[in-house]
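Asks: I have a structure here, written as structure tokens, and I will follow up with some questions on it.
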Amino acid sequence: MATIPAFSEPRYLRIVRASGWYDLLVTWPFALPWTFAWLYAQLTALAQALALPGTLHPLDTTHMLFANLLGSVVVVWSIARIAAPSRRLGRLDGLARMLFSAWQIYAVAHGANAIVLGFTAFELLFGVLQWWRVQGTGPAQCPPRAAGVSAQGRAEAQAAA
Numbered sequence: 105m106a107t108i109p110a111f112s113e114p115r116y117l118r119i120v121r122a123s124g125w126y127d128l129l130v131t132w133p134f135a136l137p138w139t140f141a142w143l144y145a146q147l148t149a150l151a152q153a154l155a156l157p158g159t160l161h162p163l164d165t166t167h168m169l170f171a172n173l174l175g176s177v178v179v180v181w182s183i184a185r186i187a188a189p190s191r192r193l194g195r196l197d198g199l200a201r202m203l204f205s206a207w208q209i210y211a212v213a214h215g216a217n218a219i220v221l222g223f224t225a226f227e228l229l230f231g232v233l234q235w236w237r238v239q240g241t242g243p244a245q246c247p248p249r250a251a252g253v254s255a256q257g258r259a260e261a262q263a264a265a
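Those letters in the sequence shown? Residues 105 to 265, per the numbering used here, in order.
Written out as structure tokens, the structure reads:
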């Protein structure tokens with residue numbers, strides 16, 4: 105029986121860090137009202153120029169609030185993965201990306217503009233990569249070692265204190 109090749113630990117951690125950099129670069133404009141308004145206008149113009157199916161509704165205060173909340177959380181989450189990438193953060197990020205992908209596909213299926221699928225492609229790519237097998241580990245688990253805190257987790261907590 106053939107086995108799926110595994111990433112080395114250093115390579116896997118580079119992927120986790122790269123996904124953090126990608127998220128930071130793509131989502132920081134969501135964190136601020138004026139940068140999100142500009143980004144939304146650019147996405148609307150691009151969707152119109154490409155004649156993509158679906159709707160991009162005019163931006164209102166409630167949309168802005170939710171975009172800014174999302175952007176703020178993702179910026180902080182990105183910095184955590186850039187500063188201290190780990191298998192645990194990678195697995196959790198992979199799970200979050202699968203959830204984001206599901207909701208993005210759902211939204212497009214229900215009338216959202218197809219420009220969203222450009223983001224979905226990267227969500228799926230990084231989601232799969234971060235759930236890939238790592239040398240010296242069993243199958244991916246999320247959360248890792250759900251029965252308790254691992255020795256690595258305790259060591260990380262002590263080092264952070």
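The beta carbon of each residue, even a glycine, is placed where N, CA and C say it ideally should be.
#1: Are the CB atoms of Arg191 and Val238 within a distance shorter than 8 angstroms?
#2: Excluding the 5 residues flanking Leu174 on each side, which residues of the same chain have their C-beta closer than 6 angstroms to its C-beta?
#3: Go to Gly198, then tell me how far its alpha helix (DSSP H) extends in each direction, as first and last residue.
#4: For Thr159, which of helix, strand or coil comes out of DSSP?
#5: Residues in its own chain within less than 6 angstroms of Gln208 by CB, not counting five upstream and five downstream?
#6: Can you give me the Cβ contacts of Ile108 inside the same chain, cut-off strictly under 6 angstroms, excluding the 5 residues immediately before and after it?
#7: If we call anything under 8 angstroms between Cβ atoms a contact, is Ala153 one with Leu160?
#8: Run through the DSSP bridge pairs and tell me what Phe111 is partnered with.
#9: Check whether the stretch 111-127 and the stretch 141-148 touch, using three or more Cβ-Cβ pairs below 8 angstroms as the test.
#10: Under the three-state reduction of DSSP, which class applies to Ala122: helix, strand or coil?
#11: Do you know how far the Cα of Ala141 is from the Cα of Pro162?
#12: Pick out whichever of Pro157, Tyr126 and Glu113 has its Cα sitting closest to the Cα of Leu229.
#13: So Leu201 packs on Gly231, CB below 8 angstroms; how close in whole Å?
#14: Are there 16 or more other CB atoms within 10 angstroms of the CB of Gly240, so buried, or fewer, so exposed?
Replies: This is what the structure holds:
#1: yes
#2: Phe134
#3: Arg191 to Ala213
#4: Of the three classes helix, strand and coil, the one that applies to Thr159 here is strand, per DSSP.
#5: Excluding the 5 residues flanking it on each side, Gln208 has same chain C-beta neighbours closer than 6 angstroms at Val220 and Thr224, in chain order.
#6: Arg237
#7: no
#8: Val238
#9: no
#10: helix
#11: 10 angstroms
#12: The alpha carbon of Leu229 has as its nearest neighbour, out of Pro157, Tyr126 and Glu113, the alpha carbon of Tyr126.
#13: Correcting the residue identity first, residue 201 is Arg in this sequence and not Leu. Indeed they touch by this definition, with Cβ atoms about 3 angstroms apart.
#14: exposed
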